[in-house]
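One structure below.
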Amino acid sequence: MFYIKIENGGPVGDALNFQQLRSLLPRNISFPLEIPAEILAEYGFARAQQMQQPTVGLLDSVRPEGYKLVDGTYYQNWTVDRVDSLETAQAITIAAIEALAKSKRDAVVADYSPAEMSAWSMKRAEALAFGASQDAAGAPALAMEAQVRGIPLSELVDKVLAKAVALSQLEAGIAGTCGKKQDAVRACESVQEVQALLGEIEVAWPV
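Structure below.
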């Protein structure tokens, strides 16, 4: 049970739990856990019930809208507002698609350490250089890694190039999907059209 301060015939401030209420009452007064409504009223309080904030969509926002008195208890109200500007709806949705694309990219490289990722462009460049010339001098870091691993340089280069192809394909798929979904949002001519696309944001990604 919660409680709310009553001033000028209406609730003010936030709902209070029992301990918060007790801290506002005279210290020498003892109340049961279920305080009678008439005693609450004597000290300027009433029973209140916090209602769970409703779940809303991407283009909706929720704000508290005071309390409604029902059978002696003040129930918290929520108001749901929907974006009514096409430009705003598009901006919000495009940003959400971009954030989702980032999460997909992060998932692709989640198993790689930052150090490994920072060296990746160099490894790829050396692998391509070796593939073009077959000269180990063009791939010094890979040559050293292959020596430490005890495998031929050509085998390591093949591994690097295979991984590069896989990562490039995933990145192309993510970038293409992101762009396609954002283009669809930009083509919308009403908030309702943007709203209709929301269910498709999270589907058909390559990862």
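Start counting the sequence shown at 16; every next residue gets the next number (this note's numbering).
Where a beta carbon is used, it is the ideal one built from N, C-alpha and C, also for glycine.
query: I'd like the span of the alpha helix (DSSP H) that includes L213, first residue to last.; result: Note, L213: premise wrong, no alpha helix (DSSP H); not H, not E.
query: Let's test the definition: count the other Cβ atoms within 10 Å of the Cβ of L157 and tell me whether it reaches 16, buried, or not, exposed.; result: buried
query: What number of angstroms, rounded off, separates the C-alpha of V163 from the C-alpha of M137?; result: 18 Å
query: Restricting to Cα atoms, I'd like to know which of N43, V85 and D96 is closest to R78.; result: D96
query: By Cβ distance below 8 Å, which residues in the same chain neighbour A114 in space, the five residues on each side in sequence not counted?; result: none
query: Quick one: measure Cβ to Cβ for Y82 and P26, integer angstroms, because I've assumed they're closer than 8 Å.; result: 5 Å
query: Could you tell me whether the Cβ of Q184 comes closer than 8 Å to any Cβ of chain D?; result: Absence of chain D from the displayed structure is noted, only one protein chain being present.
query: Just checking my contact of L226 with A179 at CB under 8 Å: how many whole Å lie between their CB atoms?; result: It is not possible to answer for residue 226, since the shown part of the chain is limited to 16 through 222.
query: Whole-angstrom Cβ separation of V206 and I109, contact assumed at under 8 Å?; result: In fact, because the Cβ distance is near 14 Å, the residues do not count as touching under 8 Å.
query: Note down, in chain order, each residue of its chain lying with its Cβ closer than 6 Å to the Cβ of A52, except the 5 sequence neighbours on either side.; result: G87
query: Is I44 helix, strand or coil by DSSP?; result: coil
query: Counting only the same chain and skipping the five closest in sequence on each side, list residues whose C-beta sits under 7 Å from that of L185.; result: V123, P221 and V222
query: Sorted by chain position, which residues of the same chain lie with C-beta nearer than 6 Å to A116's C-beta, five sequence neighbours on each side aside?; result: I189 and C193
query: Taking C-beta to C-beta, are A154 and L168 nearer than 8 Å?; result: yes
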